[in-house]
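See below for the structure under consideration.
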Amino acid sequence: MPEQITRRGWLLLAIQGEPGPISTGRAEQLLATTPWSCHRNTARKDLRALHRRGLLRAVEANGRRTYTPTITGGGAG
Numbered sequence: 001m002p003e004q005i006t007r008r009g010w011l012l013l014a015i016q017g018e019p020g021p022i023s024t025g026r027a028e029q030l031l032a033t034t035p036w037s038c039h040r041n042t043a044r045k046d047l048r049a050l051h052r053r054g055l056l057r058a059v060e061a062n063g064r065r066t067y068t069p070t071i072t073g074g075g076a077g
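Sequential numbering of the sequence shown, starting at 1, is according to UniProt numbering.
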């Protein structure tokens with residue numbers, strides 16, 4: 001049976017391929033190219049969930065939160 005990738009797993013892989021920090025708006029743009037329905041709040045929740053799992057590092061700057069991967073490449077679930 002083929003392994004199914006989750007929306008959050010896909011987002012993590014996409015973030016790992018990005019050159020810089022990811023904002024909620026950028027995560028929303030990335031997810032807009034997928035078959036999953038995504039709104040800003042969904043992107044925000046996904047980023048926070050990946051951060052809680054230790055897969056993203058939150059960076060606060062000028063009152064804005066962005067995220068960077070804690071690892072590059074690898075598996076995501």
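Heads up, the beta-carbon is just placed ideally off N, CA and C, and yes, glycines get one too.
For Glu60, the three-state DSSP class (helix, strand or coil):
Reading the sequence shown from its first residue, position 60 is the one you call residue 60. For Glu60, the three-state secondary structure derived from DSSP is strand.
Measure the Cβ-Cβ separation of Thr70 and Val59 and say whether it is below 8 Å.
Counting from 1 along the sequence shown, the entry for residue 70 is found at position 70. Counting from 1 along the sequence shown, the entry for residue 59 is found at position 59. Against a cut-off of 8 Å, the Cβ pair of Val59 and Thr70 comes out as no contact.
Counting only the same chain and skipping the five closest in sequence on each side, list residues whose C-beta sits under 7 Å from that of Pro21.
Stepping through the sequence shown from its first residue, residue 21 is reached at position 21. Closer than 7 Å at the Cβ level, and outside the excluded window around Pro21, lie Val59, Thr66, Tyr67, Thr68.
Within the same chain, show all residues whose beta-carbon is closer than 6 Å to that of Ile5, passing over the 5 residues directly before and after it, in chain order.
Walking along the sequence shown from the start, residue 5 turns up at place 5. Within the same chain, Ile5 has no close Cβ partners at all.
Span of the alpha helix (DSSP H) around Ile71
Residue mapping note: residue 71 aligns to position 71 of the sequence shown, counting from 1. First-last for Ile71: undefined, no H or E at that position.
Roughly how many angstroms lie between the CA atoms of Ala32 and Cys38, to the nearest whole one?
Numbered from 1 along the sequence shown, position 32 holds the residue referred to as residue 32. Numbered from 1 along the sequence shown, position 38 holds the residue referred to as residue 38. In a straight line, the C-alpha of Ala32 is about 6 Å away from that of Cys38.
Can you give the Cα-Cα distance for Arg7 and Arg44, rounded to whole angstroms?
Residue numbering aside, residue 7 sits at position 7 when the sequence shown is read from its first letter. Residue numbering aside, residue 44 sits at position 44 when the sequence shown is read from its first letter. Going by C-alpha positions, Arg7 is about 13 Å away from Arg44.
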